[in-house]
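Protein chains in written order, with the working numbering: chain V, 102 to 212; chain U, -13 to 99.
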């Protein structure tokens, strides 16, 4: 992830809509990618991960897409619910090196 | 599985006080734990890697004498903020895991008056 750390982008959606949260990473050696959800006052919660030998992985209501050519990662949330409101972080990890977090995106879901 | 517990969740203290934060792996052994710091509306920044039985590895710019890390057992790492000042006020989060992905504690909100 590219952690600029100065401003948190916000995505506002209506309940029931599909949400797409995007992330760019910079290290072409990264081979493992994770999405975390962080609610206010809590630690990050694991959502879904993907390795570099895949370009898509699906979970329950969530899908992660990986485009290694442009170093881009996205998280798709189907039928977004108010409980999905949180800050979402992508993180990437090259081999045995440390996890690097992206800037984060705040998702606001209106009923 | 892979539950990480952090204590305390919130602490307020006077400037000059030292504060200890605990990070425990509840259902697995962790030879490595990670300590992060997070300012409001910002991402997590890795402070240090805590290694059981050996010295912690600190990230560039993190004062090791300011942020003391002890990883004396396979289930406990502690971060002590020594002589804390208002600029040390932040959200401190630890993580650990037996394998990928990393699992995080619920963080400690530190407020220095």
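All residues carry an ideal CB built from backbone N, CA and C; glycine is no exception.
What you are looking at is a predicted structure, and each value in this text was computed from that prediction instead of being measured.
Chain-order list of residues whose beta-carbon lies under 8 Å from that of residue i (same chain, five-residue window excluded)
i	result
residue 99 of chain U	-2, -1, 0, 1, 72
residue 23 of chain U	30, 31, 33, 76, 77, 78, 79
Per-residue contacts from residue i into chain V (C-beta, under 7 Å)
i	result
residue 90 of chain U	144, 145
residue 27 of chain U	109
residue 79 of chain U	144
Neighbourhood of residue i by C-beta distance below 6 Å, restricted to the same chain and skipping five residues each side
i	result
residue -7 of chain U	8
residue 132 of chain V	153
residue 105 of chain V	Note that residue 105 of chain V scores a pLDDT of 39, beneath 50, so its modelled location is shaky and nothing firm can be said.
residue 70 of chain U	3, 5, 98
residue 130 of chain V	195
residue 36 of chain U	19, 42, 55, 57, 63
residue 164 of chain V	177
residue 211 of chain V	115
residue 135 of chain V	150, 192
residue 207 of chain V	109, 111, 188
residue 44 of chain U	34, 50
residue 158 of chain V	151, 165
Proximal residues of chain U, C-beta to C-beta of residue i below 7 Å
i	result
residue 151 of chain V	Those do not exist, as residue 151 of chain V stays about 11 Å from chain U at its closest Cβ, beyond 7 Å.
Cutoff 8 Å: residue i Cβ touching any chain U Cβ
i	result
residue 106 of chain V	With a pLDDT of only 40 at residue 106 of chain V, under the threshold of 50, the placement of this residue in the model should not be trusted, and no figure is reported.
residue 133 of chain V	yes
Cβ of residue i within 8 Å of any chain V Cβ
i	result
residue -6 of chain U	no
residue 46 of chain U	no
residue 86 of chain U	yes
residue 99 of chain U	no
residue 30 of chain U	yes
residue 93 of chain U	yes
Close Cβ partners of residue i (< 7 Å) along its chain, the five nearest in sequence each way excluded
i	result
residue 107 of chain V	Note that residue 107 of chain V scores a pLDDT of 49, beneath 50, so its modelled location is shaky; the value from the coordinates is reported in the next line. Same-chain partners within the cutoff: there are none.
residue 92 of chain U	-8, -5
For this session: Please list the residues of the stretch 183 to 210 of chain V that have a C-beta atom closer than 7 Å to any C-beta atom in chain U, keeping them in chain order.
Result: 190, 199, 200, 202, 203, 204, 205
Exercise. So does the stretch 167 to 186 of chain V actually touch the stretch 121 to 136 of chain V, counting three or more Cβ pairs closer than 8 Å?
Worked result: yes
For this session: Specify whether the stretch 51 to 63 of chain U and the stretch 181 to 188 of chain V touch according to this definition: at least 3 beta carbon pairs, one from each stretch, less than 8 Å apart.
Result: no
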